[in-house]
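One structure is given below, encoded as structure tokens.
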Amino acid sequence: MEASLQTQLIALAGLCQAVKLVQTVARSSESQQGQLAIALGSVVNLNPAEPLDIYGGEMQNLRQGFELIIEQLADKPKKDVELTRYLVGVLALERRLNKNGKNMQKLGNQLQQMDRQLQHFTVTDETIIAKLADIYTECISSLGARIQIYGQPDLLSQNSVQHKVRALLLAAVRAAVLWRQAGGSRLHFVFKRRKLLAAAEAALNSI
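Below you can see the structure in the form of structure tokens.
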């Protein structure tokens with residue numbers, strides 16, 4: 000598989016997983032610590048040696064993402080309309096962020112400043128999640144075009160759930176940045192759909 004397609008696949012899988020986790024957190028109080036750690040870890044890994052290192056260096060960590068790509072892009076897709084709406088919203092937010100150098104720089108600076116906190120807390124600690132949520136609010140949702148999240152009202156009213164949702168949206172935007180850096184665009188979902196689908200199927204079979 001060509002390097003750019005491999006990176007696009009990793010980015011898209013990471014994006015799908017983060018958005019799916021937003022759905023789950025908004026609807027259920029079940030613990031998702033493993034997936035949460037993978038998603039949020041991608042945000043604070045600022046100097047990966049290669050793209051897969053962003054997600055812990057293991058293709059297995061992106062299994063659900065590959066499955067979601069297949070579901071969304073298959074010839075007879077089991078499309079999740081809400082998931083698609085979130086994906087489109089995140090990609091639109093990332094485009095706004097990419098055009099706003101001031102916010103992009105602020106985002107980078109704030110993430111670099113988290114190194115000290117991460118020496119004392121795990122990435123899934125509520126302190127870190129709350130900080131990532133604040134960074135998302137200040138650097139990304141302030142750009143406009145906020146994403147409307149659907150779920151259980153009693154859950155979405157809780158501060159801890161709101162923080163998780165925003166932190167996960169930050170992880171989704173991080174994946175969208177990687178997608179763009181690897182040459183990904185909206186047109187790929189039309190003209191390179193079969194390539195992405197075949198690559199996701201091959202990746203899933205290799206795990």
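The numbering of the sequence shown is this note's numbering, which starts it at 0 and goes up by one.
A virtual CB, placed ideally from N, CA and C, is assigned to each residue, including glycine.
Keep in mind the model is a prediction, meaning the values are calculated, not measured.
Its Cα nearest to that of T6, the residue S184 stands out among N204, S184, F190, Q116. For Y85, the enclosing alpha helix (DSSP H) begins and ends at 80 to 97. Less than 8 Å divides the Cβ of V24 from the Cβ of V164. For the options Q59, Q118, T123, the alpha carbon positioned closest to that of I206 is the one of Q59.
With a cutoff of 8 Å on beta-carbon distance, L131 and A166 are scored as near each other.
L177 is positioned such that its CB atom lies no closer than 8 Å to that of F65. If you check the CB distance, L154 and S28 come in under 8 Å. Uninterrupted alpha helix (DSSP H) stretches at least 4 residues long and entirely within the stretch 135 to 194 occur at 152 to 155, 158 to 180, 187 to 190, given in chain order. T121 carries a coil assignment under DSSP once its states are collapsed to helix, strand and coil. The distance from the Cβ of L195 to that of V89 is about 17 Å, inconsistent with a contact at the 8 Å cut-off. Taking the Cα of R145 as reference, the smallest distance to any Cα among Q151, P152, T136 is reached at T136. When the five nearest sequence neighbours on each side are left out, no beta carbon in the same chain lies closer than 6 Å to the beta carbon of E57. Between the C-alpha atoms of E200 and N97 there is a straight-line separation of about 30 Å. Straight-line measurement puts the Cα of I69 at about 22 Å from the Cα of L35.
In terms of CA proximity to Y54, A174 leads the group A174, R193, R179, F120.
DSSP, reduced to helix, strand and coil, places Q22 within a helical segment of the structure shown. When the five nearest sequence neighbours on each side are left out, the beta carbons in the same chain lying within less than 7 Å of the beta carbon of T123 are those of Q32, L35, A36, L39, in order along the chain.
For A38, the enclosing alpha helix (DSSP H) covers residues 32 to 43.
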